[in-house]
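The sequence shown finishes on residue 506 if you use the working numbering, and the numbering steps up by one all the way, no holes. To start, the structure under review is shown below, and the notes come after it.
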Amino acid sequence: MKFIFSLYGKLTLAMLILFVALGAALVVINAKTSEMYSLEITQRINRDIALHAAEDMPLLQQGVVNEQALKELAHHVMFINPIVEVYLLDTAGNILSHALPSGSVLLEKVDLAPLQLFLQDQKTLPIFGDDPRNPDRKKVFSVSPIKENDIVKAYLYTVLNGKDHDNLRQSLESSYNLRVGAITIAGSVLLAALAGLLIFSLLTRRLQALSHTVALYRKNSFQGSVANVSQATFPDEIDELSQAIIGMSQRIENQFSALQDADNSRRELITNISHDLRTPLASMQGYLETILIKAGDLSEEDKVHYLETAYKHSKRLNQLISELFELSKLESANVEPDWEQFLLMELIHDLVQDYELQAREENVSLSVHCEDMSITVYADIALIHRVLENLLKNALQHSHNGGNIDLNVYGDEHKIWLEVVDNGVGIASHVIPHIFERFYRPDTEKIDSGNGLGLAIVKRILELHRSQVAVRSELDKETVFSFWLPASATC
16 MKFIFSLYGK LTLAMLILFV ALGAALVVIN AKTSEMYSLE ITQRINRDIA LHAAEDMPLL
76 QQGVVNEQAL KELAHHVMFI NPIVEVYLLD TAGNILSHAL PSGSVLLEKV DLAPLQLFLQ
136 DQKTLPIFGD DPRNPDRKKV FSVSPIKEND IVKAYLYTVL NGKDHDNLRQ SLESSYNLRV
196 GAITIAGSVL LAALAGLLIF SLLTRRLQAL SHTVALYRKN SFQGSVANVS QATFPDEIDE
256 LSQAIIGMSQ RIENQFSALQ DADNSRRELI TNISHDLRTP LASMQGYLET ILIKAGDLSE
316 EDKVHYLETA YKHSKRLNQL ISELFELSKL ESANVEPDWE QFLLMELIHD LVQDYELQAR
376 EENVSLSVHC EDMSITVYAD IALIHRVLEN LLKNALQHSH NGGNIDLNVY GDEHKIWLEV
436 VDNGVGIASH VIPHIFERFY RPDTEKIDSG NGLGLAIVKR ILELHRSQVA VRSELDKETV
496 FSFWLPASAT C
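In structure tokens form, the structure reads like this:
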């Protein structure tokens, strides 16, 4: 049953049905064409038999049928060819006389149209006329007009394959030659079917191997990749299917690896979040418990110090939670920037004013460099404000006392480049590839220097703007964060 329902079994069954039908059609067509060929030969050979017979015997005498002459003619013709039947017709096709047994002739009239066609054109043979002894069949014939004084008075109509021919044909239907012909055709069909089975087996061998390979792949829970089992000299559809399955298996493997990496990242993220949340919470709890337990023993100055420290940790905790929500929102699939055209320098000057006091307190100089104050960009102004804010905070955080931070703006009619440059501590080359990862902090960095989400937010916002952030740095010399924005509505 499994063989029948397989592709090879279905192809085999379809081919056998096709070959049997083809063999049967060949038998029928061969029998029909052979019969038509035989009838055409018979009619061509005997096409003048009626003419010669009419010339030899006076069948009409002053418009009256010469029965004796007709009988002698019929006897003579049938002696030579026993399957020929002779009839005498008038000009309307009525049967005037014949030499056949009484009651054997069933028609009284013969259609003259085929006879006229035969007399006019003997090239298109065979032509079939009525059989007076069998009204349901048509027979090949020969006909000749009988004239008196060049006027047609009657027709001598000879049926070439008479009833004796039909009886003989029926007796020979099971003859040796017919059986041999049928067996020959059946044998040819059988040999062709066997050859077809062999060809199908060779053609489907690669497909069967591919099916077996895919079954093993499924048995292994779709792990690993599918080997190339189709290596034809001239690639065909099976090779294309094989390559598609191989590509699909590799894609599944890559996606499975990506899911594992994502799961590992999720676990690491949870661990980092737990750690970053636990640290300020533990500090807040410790200071507040100290105030509650030792309230009577602490001076007002110590109480204020402890409360300020707890407040600082609560602000850090609030910032961490806010940035977590912000990054989660930015990474959702349905977030799109609110595109608009705006003056970039207005945004930068507003941002510098917001951080000018902090920079002064940390003894850091803030400078903006731009040749064209009317530069406009096409972006989400709120998100770009967030990018510049995070980069500026990062620069302030890592600047030395007395350091400098420069905001450089330049570009052309298509792209506007922005740089945030500081001459602070710098970034080691092995650290640069990781600084945009969530919660990443170098081992040398203090735990309260940041939560590792600011640069991840910068990267994600710029990805939403079809841009990217680049970094170059030298330790204790210079660090440059740069990115570009479209100068017009091209995104």
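The beta carbon of each residue, even a glycine, is placed where N, CA and C say it ideally should be.
From the DSSP output, which residues share a beta bridge with Tyr302? DSSP, once it has assigned bridges, lists no residue as partnering Tyr302.
Item checked: Enclosing alpha helix (DSSP H) for Ile336 [first to last residue] -> In the DSSP assignment, Ile336 falls within the unbroken alpha helix (DSSP H) covering Glu315 to Leu345.
For Glu355, which three-state DSSP category applies?
strand
Segment contact flag, the region 119 to 131 with the region 146 to 156, C-beta cutoff 8 Å, min 3 pairs
yes
Excluding the five sequence neighbours on either side, which residues of its own chain have a C-beta within less than 7 Å of the C-beta of Asp146, listed in chain order?
-> Arg152, Lys153, Lys154 and Val174
ask   = Cα separation between Gln83 and Val167?
value = 21 Å
Exercise. Expressed to the nearest angstrom, what Euclidean distance is found between the alpha-carbon atoms of Leu88 and Val80?
Worked result: Straight through space, the alpha carbons of Val80 and Leu88 are spaced by roughly 13 Å.
Relative to the alpha-carbon of Asn378, which residue among Asn416, Asp387, Leu358 and Glu355 has its alpha-carbon at the smallest distance? Asn416
Exercise for review: Please look up how many angstroms separate the CB atoms of Asn423 and His384, rounded, as I've assumed it's under 8 Å.
Suggested key: Right, the Cβ-Cβ distance comes to about 5 Å (below 8 Å), so this counts as a contact.
Among the candidates Gly469, Thr199 and Glu493, whose CA atom is the shortest distance from the CA of Glu338? Gly469
Exercise. Would the beta-carbon of Ala397 be found less than 7 Å away from any heavy atom of the ligand SAM?
Worked result: Because no ligand of any kind appears in the structure shown, any question about the ligand SAM cannot be addressed here.
Helix, strand or coil at Glu489 [DSSP, three-state]:
Correct three-state label for Glu489: strand.
Checklist entry - Leu88 bridges to which residues according to DSSP? => result The partner list for Leu88 (beta bridge, DSSP) is empty, contrary to what the question assumes.
message: Only counting the same chain, and skipping five residues up and downstream in sequence, which positions put a Cβ closer than 6 Å to that of Val495?
response: Glu434, Val436 and Arg487
Q) Using the rule of at least 16 other Cβ atoms within 10 Å of the residue's Cβ for burial, across every protein chain shown, is Val319 buried or exposed? A) Exposed, by the Cβ-count rule.
So is Ser236 buried or exposed if we call it buried at 16+ other beta carbons inside 10 Å? exposed
**Q.** Cβ distance (whole Å) where Ala502 is taken to contact Glu428 below 8 Å
**A.** Yes, Ala502 and Glu428 are in contact; Cβ-Cβ is about 6 Å, under 8 Å.
- Task: Work out the CA separation of Thr27 and Leu218 for me, nearest whole Å.
- Result: 12 Å
When the Cα atoms are used, what is the spatial distance from Val446 to Met360? Near 32 Å, if we compare the C-alpha coordinates of Met360 and Val446.
Practice problem: Let me know if Leu335 comes out buried or exposed under the rule of 16 or more other beta-carbons within 10 Å of its beta-carbon. | Solution: So Leu335 ends up on the buried side.
| field | Beta-carbon contacts of Ile200 that lie in its chain and below 7 Å, excluding the five residues immediately before and after | value | Gly38, Leu41 and Val42
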